[in-house]
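With mature numbering (1 follows the signal peptide of the UniProt record, and there is no 0) applied, the sequence shown corresponds to residues -23 to -1, 1 to 430, in that order.
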Amino acid sequence: MLKKSFFLVSQLVMVFVCKSLFAQNPFITGQYTADPSARVFGDSVYVYPSHDIPVVPGKGRPGWFCMEDYHVFSSGNLREWTDHGVIITQNKVPWVKPDSYNMWAPDCIFRNGKYYFYFPATPADTSGGKGFAIGVAVADKPTGPFVPQPSPIKNVKGIDPNVFIDNDGQAYLYWSQGHIFGAKLKDNMLELASEPFILLNLPEKGLKEGPYLFERRGSYYLTYPHVENKIERLEYAVGDNPLGPFKKTGVIMDESPTGCWTNHHSIIKFRNQWYLFYHHNDYSPKFDKNRSVRLDSLFFNEDGTIRKVIPTLRGVGLTPALQKIQIDRYSKISDRGISIAFIDTADRFKGWKTRFNSADAWLQYNRVDFGSKAPGSVSVLASSKTSGILEIRLNSLSGPVIAEVEVPVTASWKVVNAKLSKRYTGQKDLFVVMKGEGDVEVDWLCFEKEGSY
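Structure, rendered in structure tokens:
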């Protein structure tokens, strides 16, 4: 029998108490996104990804990438992301072949009061040969409206544009087409100022694409996806000049352990921390042409080399305790008695659930901010066919138990509330542990101030 101190409230009521935030990976929900180009403009980060969409009859090529437009997303804290909507769509660009669905990886840069958005697509005019061209759209704000130029950039054939402006003001354009190419840009950012040439000393064997160049402490890091075996891993080379020569240096991120063929990335410094933006096929595990963007911290060694980034579900930053905590985006889990699955396989954008079905099964979720005003209770959206008790501990498996959440037998999702045994403030790591036998599924948990329920 449940104790009187625990009670159920409707999910409808609770949704007004616990707001949804997307601090975890993937950090954009509700649509497929890939090839994230992240930029710091002012005090916010803007992400310009490509937009994967499912192929349907008459739209796209079955079994392949299908992209018709671009969105832009922004955040001031890397936790809350705003979708500013479509900024470019294929059939409103004068030079793009109608209904080609090849709006691949883009980039954006700021110069002289304007924002320049670079994107590849299939041109309607094939007199210059088959393949992709790269165009530019210009805006007064990072969110647009962007006005595409009537023609693509001359003397550029390829995909994955990346733009870099050096400390001396010289701008460079990079792209890929079998090799990785580079060239100087004119001050108008719309034309090449030099002949393009192949960047040397990069791997000769296997696909290379997606160049992204940044500068740190006088060194230029050329980063790129490379197929060493069957799928892409993120690698980098370092040089003393934006156009090289470069020296192959190391691996930023290994190949996907679940077989996602592509990866595409960008690297920025925001508020004194470096970050790697990349993609995976989280929402589409059986089809790696529908991808989702991720974000993890990146660190350098003392000699300037990049520490390999291990992809996480947890992502970056603090998660407010008073917001929904999606524990399926965990930091660590036990090796038995716990599993993660989609809530609804017919609508995978609803996210995931965590199942605890063995005594002492546990999950760790790091960096939860309890703030300065300690919450007094916790709510868990859960279901169970057998009933069960979940312990919530702080900082370690042997840490203090701050709540025992008794989940009854339920036919559907229910919000279960439990009082905290003690109030805590500041940053903590959470451990959710199955006490005794049972079988409990959890969507999210959320801490609340006294009386909020």
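Yeah, the Cβ is synthetic: ideal placement off N, Cα and C, and Gly gets one too.
*Roughly how many angstroms separate the alpha carbons of Gly146 and Ile304, rounded to a whole number?*
Along the sequence shown, one-based indexing puts residue 146 at 169. Along the sequence shown, one-based indexing puts residue 304 at 327. If I take the Cα positions, the gap works out to 45 Å.
*Using the rule of at least 16 other Cβ atoms within 10 Å of the residue's Cβ for burial, across every protein chain shown, is Ala82 buried or exposed?*
Along the sequence shown, one-based indexing puts residue 82 at 105. Looking at its Cβ environment, which holds 16 or more other Cβ atoms inside 10 Å, Ala82 is buried.
*Is Gln67 helix, strand or coil by DSSP?*
Your numbering for residue 67 matches position 90 in the sequence shown. Helix.
*asked:* Would Asp84 and Pro138 qualify as a contact pair, given that the criterion is a beta-carbon distance under 8 Å?
replied: Here residue 84 is taken as the residue at index 107 of the sequence shown, counted from 1. Here residue 138 is taken as the residue at index 161 of the sequence shown, counted from 1. Yes, they are a contact pair.
*Using the C-alpha atoms, what's the distance from Gly159 back to Ala318?*
The sequence position of residue 318 within the sequence shown is 341, counting from 1. The sequence position of residue 159 within the sequence shown is 182, counting from 1. If I take the Cα positions, the gap works out to 44 Å.
_Distance CB(Ser269)-CB(Thr10) smaller than 8 Å_ = In the sequence shown, the residue the question calls residue 269 occupies position 292. In the sequence shown, the residue the question calls residue 10 occupies position 33. For Ser269 and Thr10, yes; Cβs fall inside 8 Å.
*asked:* With three or more C-beta pairs closer than 8 Å as the rule, is the segment 329 to 337 touching the segment 306 to 320?
replied: yes
*At 3 residues or longer, and completely inside the segment 137 to 207: list those beta strand (DSSP E) runs for me, N to C.*
148 to 154, 156 to 162, 189 to 193 and 196 to 204
*Measure the C-alpha to C-alpha separation of Pro248 and Glu368 and round it to an integer number of angstroms.*
One-based indexing of the sequence shown puts residue 248 at position 271. One-based indexing of the sequence shown puts residue 368 at position 391. In the sequence as presented, Pro is not what sits at residue 248; that position holds Arg. The alpha-carbon atoms of Arg248 and Glu368 are separated by roughly 36 Å.
*Could you give the uninterrupted runs of the beta strand (DSSP E) lying entirely in the segment 232 to 256, keeping only those of 3 residues or more?*
243 to 247
*Please list, in chain order, all residues of the same chain as Gly413 whose beta carbon is under 8 Å from its beta carbon, the five residues on each side excluded.*
Sequence index remark: in the sequence shown, residue 413 carries index 436 (1-based). For Gly413, where only same-chain residues beyond five positions count, the Cβ hits under 8 Å are Ala336, Gly365 and Ile366.
_One or two residues paired with His48 in a DSSP bridge_ = The sequence position of residue 48 within the sequence shown is 71, counting from 1. In DSSP, His48 forms a bridge with Val63.
_Please return the same chain residues whose Cβ sits closer than 6 Å to the Cβ of Leu(-3), not counting the five positions on each side in sequence._
Counted from its first residue, the sequence shown places residue -3 at position 21. In this prediction, Leu(-3) scores a pLDDT of 45, lower than 50, which makes its location untrustworthy; no coordinate-derived value is stated.
*Below 8 Å CB to CB, which residues in the same chain sit around Tyr149 once its five sequence neighbours on both sides are set aside?*
Indexing the sequence shown from 1 puts residue 149 at position 172. Answer for Tyr149: Val140, Phe141, Ile142, Asp143, Gly159, Ala160, Lys161, Leu162, Leu190, Pro219 and Leu220, listed in chain order.
*When DSSP builds the beta bridges, which residues end up paired with Val357?*
Residue 357 sits at position 380 when you count from the first residue of the sequence shown. Val357 pairs with Val393 and Leu422.
*Mind checking whether Leu211 and Asn2 have CB atoms under 8 Å apart?*
Sequence index remark: in the sequence shown, residue 211 carries index 234 (1-based). Sequence index remark: in the sequence shown, residue 2 carries index 25 (1-based). Contact: no.
*asked:* Can you list, in chain order, the residues of its chain with a C-beta nearer than 8 Å to that of Arg284? Leave out the 5 residues immediately preceding and following it.
replied: Mapped onto the sequence shown, residue 284 falls at position 307. Excluding positions up to five away in sequence, the list reads Leu275, Phe276, Phe277 and Asn278.
*Nearest-angstrom Cα separation, counted from Lys107 out to Pro26*: Indexing the sequence shown from 1 puts residue 26 at position 49. Indexing the sequence shown from 1 puts residue 107 at position 130. Answer to the nearest angstrom: the Cα atoms are 25 Å apart.
*At which residues does the beta strand (DSSP E) containing Asp273 begin and terminate?*
The residue you call residue 273 lines up with position 296 of the sequence shown. Taken as a continuous stretch (DSSP letters only), the beta strand (DSSP E) holding Asp273 covers Ser269 to Leu275.
_N- and C-terminal bounds of the beta strand (DSSP E) containing Ala15_ = Along the sequence shown, read from residue 1 onward, the residue named residue 15 stands at position 38. From DSSP, the beta strand (DSSP E) with Ala15 extends over Ala11 to Phe18.
_Can you tell me which residues form a DSSP beta bridge with Ala114?_
The sequence position of residue 114 within the sequence shown is 137, counting from 1. Partner(s): Phe94 and Pro125.
*With which residues is Val409 paired in a DSSP beta bridge?*
Translated into the one-based positions of the sequence shown, residue 409 becomes position 432. Answer is Leu340 and Ile369, bridged to Val409.
*Opening and closing residue of the beta strand (DSSP E) in which Ala380 lies*: Here residue 380 corresponds to residue number 403 of the sequence shown, with the count starting at 1. Val378 to Val384 is the span of the beta strand (DSSP E), which, as asked, contains Ala380.
*Helix or strand or just coil, what does DSSP make of Glu414?*
Here the question's residue 414 lines up with position 437 in the sequence shown. In the structure shown, Glu414 sits in coil (DSSP, three-state: anything other than H, G, I, E or B).
_Residues near Asp60 in its chain [Cβ-Cβ closer than 7 Å; skip 5 each side]_ = For the purposes of this step, residue 60 is taken as residue 83 along the sequence shown, with counting starting at 1. These residues qualify, in order along the chain: His48 and Phe50.
*Which value, in whole angstroms, describes the spacing of the CA atoms of Gly187 and Gly90?*
In the sequence shown, counting from the first residue as 1, residue 187 sits at position 210. In the sequence shown, counting from the first residue as 1, residue 90 sits at position 113. Taking the straight line joining both Cα atoms gives about 27 Å.
*Taking 8 Å as the CB-CB limit, is Ala160 close to chain D?*
Although the question refers to chain D, the structure presented lacks it and comprises just one protein chain.
*When the Cα atoms are used, what is the spatial distance from Pro125 to Cys43?*
Residue mapping note: residue 125 aligns to position 148 of the sequence shown, counting from 1. Residue mapping note: residue 43 aligns to position 66 of the sequence shown, counting from 1. Taking the straight line joining both Cα atoms gives about 21 Å.
_Considering only the alpha carbon of each residue, which of Val419, Ile64, Pro222 and Arg306 lies closest to His28?_
Here the question's residue 28 lines up with position 51 in the sequence shown. When each option's Cα is compared against that of His28, the closest is Ile64.
*Thinking Gly292 and Phe347 are a contact (beta carbons under 8 Å), I'd like their distance in whole angstroms, please.*
Residue mapping note: residue 292 aligns to position 315 of the sequence shown, counting from 1. Residue mapping note: residue 347 aligns to position 370 of the sequence shown, counting from 1. Actually they are not in contact, since the Cβ atoms of Gly292 and Phe347 sit about 19 Å apart, beyond 8 Å.
_Val386 beta carbon less than 8 Å from that of Lys362_ = Against the sequence shown, residue 362 aligns to sequence position 385. Against the sequence shown, residue 386 aligns to sequence position 409. Yes, Cβ-Cβ distance for Lys362 and Val386 is below 8 Å.
*asked:* Excluding the 5 residues flanking Arg193 on each side, which residues of the same chain have their C-beta closer than 6 Å to its C-beta?
replied: Counting from 1 along the sequence shown, the entry for residue 193 is found at position 216. Here the set comprises nothing.
*Evaluate Gly19 with the Cβ neighbour count: other Cβ atoms within 10 Å of its Cβ, from every protein chain shown; 16 or more gives buried, anything less gives exposed.*
Along the sequence shown, read from residue 1 onward, the residue named residue 19 stands at position 42. It is exposed - the Cβ of Gly19 has fewer than 16 other Cβ atoms within 10 Å.
*Would you call the CB atoms of Lys426 and Pro352 closer than 8 Å?*
On the sequence shown, position 449 is the one that residue 426 refers to. On the sequence shown, position 375 is the one that residue 352 refers to. Against a cut-off of 8 Å, the Cβ pair of Pro352 and Lys426 comes out as a contact.
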